[in-house]
Amino acid sequence: MFKKLLSFLSVDMAIDLGTANSLVYVKDKGIIINEPSVVAVNNKTGQVLAIGEEAKKMVGRTPSYITATRPLVNGVISDFEVTEQMLKYFIEKAAASTKKIFKFGYFPRVIIGIPCGVTEVERKAVRDAAKNAGARTVFLIEEPLASAIGAKLAIQEAGGNFIVDIGGGTTEVAVISLGGIVTSRSLRVAGDKLNDDIIQFAQKEYKLLIGERTAEAVKINIGSAMPMKDKKEMAMRGRNLVTGLPEEVVVFNDDVQRALERSVRQIVTAIKTTIEETPPELLADVMSDGIYLAGGGSLLKGLDILISKETKMPCKVVDDPLTSVVRGAGMALENIETLSEIMSKDNSDEAFG
Ligand SMILES: Nc1ncnc2c1ncn2[C@@H]1O[C@H](COP(=O)(O)OP(=O)(O)OP(=O)(O)O)[C@@H](O)[C@H]1O
Ligand SMILES: [Mg+2]
Numbered sequence: 083m084f085k086k087l088l089s090f091l092s093v094d095m096a097i098d099l100g101t102a103n104s105l106v107y108v109k110d111k112g113i114i115i116n117e118p119s120v121v122a123v124n125n126k127t128g129q130v131l132a133i134g135e136e137a138k139k140m141v142g143r144t145p146s147y148i149t150a151t152r153p154l155v156n157g158v159i160s161d162f163e164v165t166e167q168m169l170k171y172f173i174e175k176a177a178a179s180t181k182k183i184f185k186f187g188y189f190p191r192v193i194i195g196i197p198c199g200v201t202e203v204e205r206k207a208v209r210d211a212a213k214n215a216g217a218r219t220v221f222l223i224e225e226p227l228a229s230a231i232g233a234k235l236a237i238q239e240a241g242g243n244f245i246v247d248i249g250g251g252t253t254e255v256a257v258i259s260l261g262g263i264v265t266s267r268s269l270r271v272a273g274d275k276l277n278d279d280i281i282q283f284a285q286k287e288y289k290l291l292i293g294e295r296t297a298e299a300v301k302i303n304i305g306s307a308m309p310m311k312d313k314k315e316m317a318m319r320g321r322n323l324v325t326g327l328p329e330e331v332v333v334f335n336d337d338v339q340r341a342l343e344r345s346v347r348q349i350v351t352a353i354k355t356t357i358e359e360t361p362p363e364l365l366a367d368v369m370s371d372g373i374y375l376a377g378g379g380s381l382l383k384g385l386d387i388l389i390s391k392e393t394k395m396p397c398k399v400v401d402d403p404l405t406s407v408v409r410g411a412g413m414a415l416e417n418i419e420t421l422s423e424i425m426s427k428d429n430s431d432e433a434f435g
């Protein structure tokens with residue numbers, strides 16, 4: 083009875099705590115938060131000044147006593163206190179979006195996506211941060227599973243599903259069958275590394291120091307995973323490392339593609355290696371269904387075509403790849419009774435009913 087009342091009062095939410103972006107999905111409301119995972123902190127006082135979009139604007143522009151940091155690195159918490167603050171902000175904002183706020187609390191049940199293959203300590207860090215941030219019940223779900231659910235793949239069935247989530251910090255390659263991960267591989271080469279490749283390229287080629295946001299804009303606008311027919315160019319602003327003065331340089335898409343080649347190859351190799359490790363029965367399904375790409379990094383132009391060519395299998399980007407983890411986690415939370423087997427084992431300590 084008490085549990086029933088609690089679930090009536092509680093706010094159910096799913097959180098994708100990403101290296102680059104964090105999203106929150108609230109039952110019956112949809113995605114209500116989609117902001118960069120950035121927190122601006124005053125070093126002198128330790129006070130949090132801004133979170134999300136507002137904090138991202140400060141990156142690279144802050145006075146020395148303010149640091150705009152990303153509390154997650156490669157999908158795992160690197161700064162516990164700041165992550166906790168960020169989660170608190172998300173949970174409160176999400177709860178405020180519903181009418182279920184009472185003066186004695188709002189009992190949120192929270193499901194959070196975590197990269198596969200993270201250590202017990204890292205899982206505990208996520209769980210503790212969420213509890214300290216006000217969550218009543220915390221569930222964890224491996225991100226490739228959430229992504230596959232979000233993409234509406236038939237993961238509960240006996241067939242094999244091959245999913246690659248290319249985020250900011252990590253690329254996760256997973257084969258899923260019967261609601262569980264059969265084989266997986268995680269590598270720390272994803273969208274952020276591609277930005278870094280462009281920064282290095284500008285430095286080497288033009289002695290130009292560019293910021294991360296400029297590099298990302300170049301990647302998104304003219305970057306590609308393979309040579310493209312159309313020729314494109316873009317102006318890139320930065321500081322000349324020799325003269326120290328501001329400078330604008332025009333870059334061409336072919337050069338950007340070459341700058342990204344090495345990292346793109348590492349992603350393709352991880353996919354190929356995972357295919358080699360996939361049990362043959364499941365591989366037969368993958369050959370007909372193909373490889374699904376999720377995460378923001380999967381939007382790099384030509385990546386799906388390159389992967390398809392290299393693996394000789396169909397490959398497609400899921401609908402709305404930036405939100406598949408949070409949507410899938412939200413769906414898992416709504417069907418938690420039926421999906422309980424696929425949820426992380428360490429959810430067992432939670433009172434649930
Ligand atoms: N159109 C695009 N082309 C290429 N890359 C893109 C595009 N749009 C977004 N990205 C990249 O996607 C990445 C962010 O993706 P996503 O939000 O899925 O990552 P995340 O979930 O925060 O990270 P992780 O899963 O590694 O913790 C960024 O590196 C961003 O530059
Ligand atoms: Mg992600």
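Residue numbers (the working numbering): 83 to 435.
The beta-carbon is built from N, C-alpha and C at its ideal position, and this holds for glycine as well.
Keep in mind the model is a prediction, meaning the values are calculated, not measured.
- Per the coordinates, the alpha-carbon of glycine 320 lies some 41 angstroms from the alpha-carbon of glycine 372.
- An exposed status is given to asparagine 417, since fewer than 16 other beta-carbon atoms sit within 10 Å of its beta-carbon.
- Between proline 309 and the set Val407, Glu329, Met316, Ala341, the nearest pair of CA atoms involves Ala341.
- Contact between the stretch 163-173 and the stretch 204-223 is present: 3 or more CB-CB pairs across the two stretches fall below 8 angstroms.
- The Cβ-Cβ distance between threonine 356 and threonine 253 does not fall below 8 angstroms.
- For isoleucine 248, the closest alpha carbon among the candidates Val164, Ser179, Gln348, Ile173 is that of Gln348.
- With respect to the 8 angstroms criterion, glycine 100 and glycine 250 are classified as neighbours on the basis of their beta carbons.
- Ranked by how close their Cα comes to the Cα of serine 345, the residues Thr180, Ala307, Thr325 have Ala307 in first place.
- The alpha-carbon of glutamate 294 is positioned some 30 angstroms away from that of glycine 112.
- In the three-state scheme derived from DSSP, where H, G and I count as helix and E and B as strand, aspartate 110 is classed as coil.
- In terms of Cβ geometry, glycine 142 and proline 118 do not form a close pair [threshold 8 angstroms].
- In its chain, beyond the 5 residues on either side, Asn124, Asn125, Lys126 have a beta carbon closer than 8 angstroms to the beta carbon of tyrosine 147.
- Between glycine 273 and alanine 228 the beta-carbon gap is near 18 angstroms, outside 8 angstroms, which marks them as no contact.
- Distance from the CA atom of serine 92 to the CA atom of glutamate 136, rounded to whole angstroms, is 29 angstroms.
- In this structure, the beta-carbon distance from aspartate 386 to lysine 398 falls below 8 angstroms.
- Around the beta carbon of alanine 240, fewer than 16 other beta carbons sit within 10 angstroms, so the residue counts as exposed.
- Counting along the chain, threonine 144 sits inside no alpha helix (DSSP H), nor does DSSP assign it H or E at all.
- If you ignore the 5 residues before and after threonine 149, its C-beta comes within less than 8 angstroms of the C-beta of Ala122, Val123, Asn125, all in its own chain and listed in chain order.
- A straight-line Cα-Cα distance of about 48 angstroms links isoleucine 193 and leucine 327.
- Distance from the CA atom of serine 380 to the CA atom of tyrosine 374, rounded to whole angstroms, is 9 angstroms.
- C-alpha of leucine 404 to C-alpha of glycine 232: approximately 11 angstroms in a straight line.
- Between glycine 242 and valine 255, the CB-CB gap reaches or exceeds 8 angstroms.
- By the criterion of a C-beta distance shorter than 7 angstroms, alanine 352 is surrounded in its chain by Thr253, Val255, Arg267, Leu269, once the five residues flanking it on both sides are discounted.
- Annotation for valine 164: no beta strand (DSSP E) segment contains it, though the alpha helix (DSSP H) segment containing it runs 162-178.
- By DSSP's assignment, asparagine 124 forms a beta bridge with Ile148.
- Beyond the five residues adjoining it in sequence on each side, valine 400 comes within less than 6 angstroms, by CB distance, of Ala233, Tyr374, Ala376, Ser406 in the same chain, given in chain order.
- Taking non-hydrogen atoms of ligand 1 into account, the C-beta of aspartate 98 is found less than 7 angstroms away from one of them.
- At least one heavy atom of ligand 1 lies less than 7 angstroms from the C-beta of glutamate 298.
- Beyond the five residues adjoining it in sequence on each side, glycine 157 comes within less than 6 angstroms, by CB distance, of Thr101, Pro197, Gly251, Thr252 in the same chain, given in chain order.
- Counting of Cβ neighbours within 10 angstroms places phenylalanine 334 among the exposed residues, the total staying below 16.
- When rounded, the separation of the alpha-carbon atoms in proline 145 and alanine 132 is 14 angstroms.
- In this structure, aspartate 402 has its CB at a distance of at least 7 angstroms from all heavy atoms of ligand 2.
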